[in-house]
Amino acid sequence: SKIMRSLPWLLLCLIILQCIFITFGQDEGEDDSDFAILDELESREECDGSCKAPGRDKVPDKKKQKQPQQPPRKKTPQEQQQEIQMMMAQYQHYLQYMEEQGNEEDPLSPQEFMEYMNYMKAGQEAGLSPEEIQTKYAQEMQAKAMQTPEMQEELKNNLPDLNAKYKDVAYSKVEDIPADILNIDKTMGCGIVKIPAGKFFMGSEQDENYEEDGEAPYRKVKISKPFYMDACEVTNAQYLQFWDAKKMKGKTEAEKYGWSFVFELLVSDEVNKEVHSAVQGAEWWIPIPGSDFRHPSGPDMSFNDKLNHPAIHIGWTDANKYCKWKGGRLPTESEWEYGCRGALEKQKFPWGNDRTPNLTDHGTFSMNIFTGEPYSKDNGKDGWNSTAIVGSYSPNGYGLYDMTGNVWEWTSDYWSPRPKIPPKGRRLVDPKGPKAGRDRVMKGGSYMCHPTTCRRYRCSGRSHAEPDSSTGNLGFRCVYDKNPDGDDDGEKTEL
């Protein structure tokens, strides 16, 4: 790509600009997040070390440990203008370099150039070498390239057409489901719970977070109004009801593209032999034609025996449509994380800080993650080898199930790796993230998360994807500003 061809010059720019904080269009004191700030008269609470999560395979290098972030000094208009002028001067040098090299590739746009330089500076601040930053950036660009319409179309054209080979036996409407199956516990969800208004610490300062995710530091947040939330993820049966009622056949993102990513261990040997593509650097993700929420592992399998499992292969656009149909919406990231914590303060998981607290019948685990050798064998010690029946583990303090593990969950927020930090002594009120962007925030981790490869199965953990992305570990739940059943005094409403 043109970005990768420009890496030598961009790395040189990084060295030149390593002492300059780069901004474009906004400073660190102000961003385009939708939020309010509330003055706080309460006493300051500092981390005394007990909020640091213990345990890591290796003791971290103290030189690389960052001190808690402090609210930055607001830059003057003159300083902002100087930074932009300096960046544009470097951009002109970059264009000159590209011209001298006789590169036939189109140069980066000013926005692309500045985004890249911001990424490089963030990597340097995280203690990474230029080579490590370059490798990491290349991997991310490869992953993003897989989601471009051009790559999606190319993949679709290169994948075999398996739909005619296998008979579609998946239920196409709820009315087709036998009553004894439909009445199985949690097939139509776990009900709705009321989440009270309140205050909490969003983010983390723990040694398990990923610096580039913008998860840290802790910042005070107020959720000003109570709201209602699905107690567990939307199930296959629930999504089928919407899919049939709104005539969504062929219209979900996975169906429109004709394929979706499936974890290789869940694909049958017969189908796997037909497909010769995989995600570079994550070869366990296989683009399987005919996979969608009704065919979670491919066209030769159906969801008929998993109606009380979370609906997967759901794009953000698919989830958003469902929530609107139900009279709700997708949660903001702050609402989701507030709900996940279940009134606990500065804890990694909905139940506390211990990843394996032995609270359920599923071994020592309280969430569905990858246990075994990643990603070649899942030993099922958490009770499941793929998705779990919704509500299989103990609920948190608010009565919410599966907020970590099982499947990633969409939120309404646009993604940004730069968290809004309130001024000292103040807190954010109902923050909603950037007003525009490309990717949307995902929360909670999934059954694919392993402690050595992905530690985002925590309340503060976060990731992102484009709205039309769909995978076999991505689902959602909805929130409601009012109880859909009209009983605003009830603590829990069964569907």
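Residue numbers (my numbering): 728 to 1222.
For each residue, glycine too, the CB sits at the ideal point set by N, CA and C.
Keep in mind that this is a model prediction, so the values were computed, not measured.
Any idea what DSSP makes of LEU1201, helix, strand or coil? Here the question's residue 1201 lines up with position 474 in the sequence shown. Correct three-state label for LEU1201: strand.
Best match in GLU1136, ARG1182, TYR1065 and LYS1053 for proximity to PHE1097 [C-alpha to C-alpha]: One-based indexing of the sequence shown puts residue 1097 at position 370. PHE1097 has its Cα closest to that of ARG1182, out of GLU1136, ARG1182, TYR1065 and LYS1053.
Report the three-state DSSP secondary structure of GLY1213 (helix, strand or coil). Within the sequence shown, the letter at position 486 stands for residue 1213. Coil at GLY1213, not helix or strand.
Using a Cβ distance threshold of 8 Å, determine whether the segment 1106–1120 contacts the segment 1057–1073, with at least three qualifying pairs required. no
What are the uninterrupted segments assigned as beta strand (DSSP E) that are 3 or more residues long and contained completely in the segment 1097–1150, given in chain order? 1135–1141
Going by the CB atoms, is the gap between HIS1022 and SER1029 shorter than 8 Å? Along the sequence shown, one-based indexing puts residue 1029 at 302. Along the sequence shown, one-based indexing puts residue 1022 at 295. Cβ distance < 8 Å, so SER1029 and HIS1022 count as in contact.
If you measure between the beta carbons of ALA958 and ILE922, is that distance less than 8 Å? Indexing the sequence shown from 1 puts residue 958 at position 231. Indexing the sequence shown from 1 puts residue 922 at position 195. Contact: no.
Run of the beta strand (DSSP E) containing VAL1168, from where it starts to where it stops: Start at 1 with the first residue of the sequence shown, and residue 1168 comes out as number 441. Taken as a continuous stretch (DSSP letters only), the beta strand (DSSP E) holding VAL1168 covers 1167–1170.
When we look at the beta-carbon of CYS1205 and count the other beta-carbons within 10 Å, is it buried (16 or more) or exposed? Position 478 of the sequence shown, counting from 1, holds the residue named residue 1205. Counting Cβ neighbours within 10 Å, CYS1205 comes out buried, since at least 16 surround it.
If you follow the alpha helix (DSSP H) that TRP1063 is in, where does it begin and where does it stop? One-based indexing of the sequence shown puts residue 1063 at position 336. Start and end: 1060–1068.
Keeping to the same chain, check which residues put their C-beta closer than 6 Å to that of SER1187; ignore five residues upstream and five downstream. In the sequence shown, residue 1187 corresponds to position 460, counting from 1. Taken in chain order, the residues that qualify are GLY930, SER931 and GLU942.
Nearest-angstrom Cα separation, counted from ASP833 out to GLU839: Translated into positions along the sequence shown, residue 839 becomes position 112. Translated into positions along the sequence shown, residue 833 becomes position 106. Answer to the nearest angstrom: the Cα atoms are 12 Å apart.
Buried versus exposed, by CB contacts within 10 Å (16 or more), SER1018: Residue 1018 sits at position 291 when you count from the first residue of the sequence shown. Buried: at least 16 other Cβ atoms inside 10 Å.
Distance between LYS1053 and ASP1212 (C-alpha atoms, nearest Å): Working through the sequence shown from its first residue, we reach residue 1212 at position 485. Working through the sequence shown from its first residue, we reach residue 1053 at position 326. Using only the alpha carbons, I get a separation of about 11 Å.
Quick one: any contact between the segment 1128–1143 and the segment 1164–1178, if contact means 3 or more CB pairs under 8 Å? yes
Span of the alpha helix (DSSP H) around SER850: Stepping through the sequence shown from its first residue, residue 850 is reached at position 123. Correcting the residue type first, residue 850 is Gly in the shown sequence and not Ser. Start and end: 837–852.
State the Cα-Cα distance for the pair ASN910 and CYS1067, rounded to the nearest angstrom. Locating residue 910 in the sequence shown gives position 183, where the first residue counts as 1. Locating residue 1067 in the sequence shown gives position 340, where the first residue counts as 1. Taking the straight line from one Cα to the other gives about 28 Å.
Count the other CB atoms within 10 Å of the CB of ASN1106; is the residue buried (16 or more) or exposed (fewer)? Stepping through the sequence shown from its first residue, residue 1106 is reached at position 379. Per the 10 Å Cβ criterion, exposed.
Under DSSP, the alpha helix (DSSP H) around ILE908 begins and ends at which residues? Translated into the one-based positions of the sequence shown, residue 908 becomes position 181. 906–909 is the span of the alpha helix (DSSP H), which, as asked, contains ILE908.
For ARG1154 and GLU938, I'd like the C-alpha separation in whole angstroms. Residue numbering aside, residue 1154 sits at position 427 when the sequence shown is read from its first letter. Residue numbering aside, residue 938 sits at position 211 when the sequence shown is read from its first letter. Approximately 22 Å, taken between the alpha carbons.
ASP1045: first and last residue of the uninterrupted alpha helix (DSSP H) it sits in: Position 318 of the sequence shown, counted from the first residue, corresponds to residue 1045. Run containing ASP1045: 1043–1052, per the alpha helix (DSSP H) assignment.
Would a C-beta distance cut-off of 8 Å place LYS1073 and PHE928 closer than the cut-off? Within the sequence shown, residue 1073 is the residue found at index 346, counting from 1. Within the sequence shown, residue 928 is the residue found at index 201, counting from 1. Contact flag set, yes.
Measure the Cβ-Cβ separation of ALA981 and SER1197 and say whether it is below 8 Å. Taking the first residue of the sequence shown as 1, we reach residue 981 at position 254. Taking the first residue of the sequence shown as 1, we reach residue 1197 at position 470. For ALA981 and SER1197, yes; Cβs fall inside 8 Å.
Starting from TRP970, follow the alpha helix (DSSP H) in both directions and report where the run begins and ends. Along the sequence shown, read from residue 1 onward, the residue named residue 970 stands at position 243. Its alpha helix (DSSP H) spans residues 963–972.
By how many angstroms is the C-alpha of GLN819 removed from the C-alpha of ASP888? As a working mapping, residue 888 is identified with position 161 in the sequence shown. As a working mapping, residue 819 is identified with position 92 in the sequence shown. Computed Cα separation, rounded: 48 Å.
Span of the beta strand (DSSP E) around ASN1192: In the sequence shown, counting from the first residue as 1, residue 1192 sits at position 465. Residue identity check: residue 1192 is Ala in the sequence provided, not Asn. Unbroken beta strand (DSSP E) run through ALA1192: 1189–1192.
Tell me the rounded alpha-carbon separation between SER1119 and ASP1129. Counting from 1 along the sequence shown, the entry for residue 1119 is found at position 392. Counting from 1 along the sequence shown, the entry for residue 1129 is found at position 402. Whole-angstrom Cα-Cα distance: 8 Å.
Who are the near neighbours of ASP1208 in its chain, counting only those whose CB is closer than 7 Å to its CB and skipping five residues on each side? Position 481 of the sequence shown holds residue 1208. Hits under 7 Å: PHE954.
Have a look at PRO1194 and THR1044 and give me their C-alpha separation to the nearest angstrom. Translated into the one-based positions of the sequence shown, residue 1194 becomes position 467. Translated into the one-based positions of the sequence shown, residue 1044 becomes position 317. Rounded to the nearest angstrom, the two C-alpha atoms are 6 Å apart.
Hey, could you find the ends of the alpha helix (DSSP H) VAL998 is sitting in? Position 271 of the sequence shown holds residue 998. Its alpha helix (DSSP H) spans residues 996–1001.
Spatial distance of TRP1137 from ALA1192 (CA atoms): As a first step, residue 1137 is located in the sequence shown; it is residue number 410 there, counting from the start. As a first step, residue 1192 is located in the sequence shown; it is residue number 465 there, counting from the start. Cα to Cα, the separation comes out at about 9 Å.
My guess is that ARG1165 and GLU935 are in contact by the Cβ rule of under 8 Å, so how many angstroms apart are they, rounded? Translated into positions along the sequence shown, residue 1165 becomes position 438. Translated into positions along the sequence shown, residue 935 becomes position 208. Not confirmed; about 27 Å, so no contact.
Take the Cβ of GLU827 as the centre, count every other Cβ of all protein chains shown within 10 Å, and call the residue buried at 16 or more, exposed below. Here residue 827 corresponds to residue number 100 of the sequence shown, with the count starting at 1. Exposed is the call here.
Length of the line joining the Cα atoms of GLU1001 and VAL994: For the purposes of this step, residue 1001 is taken as the residue at position 274 of the sequence shown. For the purposes of this step, residue 994 is taken as the residue at position 267 of the sequence shown. Rounded to the nearest angstrom, the two C-alpha atoms are 11 Å apart.
Run through DSSP, which three-state label would MET1028 get? Working through the sequence shown from its first residue, we reach residue 1028 at position 301. MET1028: coil per DSSP, three-state reduction.
Return the CA-CA distance between VAL1156 and ASN1047, expressed in angstroms with no decimal places. Residue numbering aside, residue 1156 sits at position 429 when the sequence shown is read from its first letter. Residue numbering aside, residue 1047 sits at position 320 when the sequence shown is read from its first letter. Spanning the two alpha carbons is a distance of roughly 23 Å.
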